[in-house]
Amino acid sequence: MRKNRKKINEILGYLSIEDKDKFLNDILEAIGKSKNESNFDAIDSCIDDWEDIAELNSIPGFRDRVWARFNKLKDAGLVS
Numbered sequence: 034m035r036k037n038r039k040k041i042n043e044i045l046g047y048l049s050i051e052d053k054d055k056f057l058n059d060i061l062e063a064i065g066k067s068k069n070e071s072n073f074d075a076i077d078s079c080i081d082d083w084e085d086i087a088e089l090n091s092i093p094g095f096r097d098r099v100w101a102r103f104n105k106l107k108d109a110g111l112v113s
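Sequential numbering of the sequence shown, starting at 34, is according to the working numbering.
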């Protein structure tokens, strides 16, 4: 579990306040699921998913580029 603690600290370092709230909600849900299933699979999966998100967020300017592209698509009426 110590390895996961390090991962969680790294993940939190790359998340916005809003994303931290989502991450914590996802972790709480995963804890409940893991408790019901008597294993750590849901927690490990949740951490892995958020680790990928944090890795993308660690790329300088990535989030801004994604939102800029989304807004162009939205302005063109291709997404809502």
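Backbone N, C-alpha and C define an ideal beta-carbon position, used for all residues, glycine too.
Identity of the residue in the options nearest residue i by Cα
i     : options                         : result
Phe56 : Gly65, Lys68, Ile41 and Glu70   : Ile41
Asp59 : Asn90, Ala101, Arg98 and Glu84  : Glu84
Leu48 : Asp108, Trp100, Glu70 and Asn90 : Asn90
Rounded straight-line distance, which links the Cα of residue j to that of residue i
i      : j      : result
Asn104 : Ile86  : 20 Å
Phe95  : Gly110 : 23 Å
Leu106 : Asp97  : 14 Å
Gly46  : Glu88  : 10 Å
Ile92  : Ser113 : 26 Å
Asp82  : Ile44  : 10 Å
C-beta contact flag for residue i and residue j at 9 Å
i     : j     : result
Cys79 : Glu51 : no
Asn37 : Ile76 : yes
Where residue i falls: helix, strand or coil (DSSP)
i      : result
Asn72  : coil
Gly94  : coil
Gly110 : coil
Lys45  : The question names Lys, yet the displayed sequence has Leu at residue 45. Three-state DSSP puts Leu45 in a helix.
Chain B within 9 Å of residue i, Cβ atoms only
i     : result
Glu51 : No chain B is present in this structure, which holds just one protein chain.
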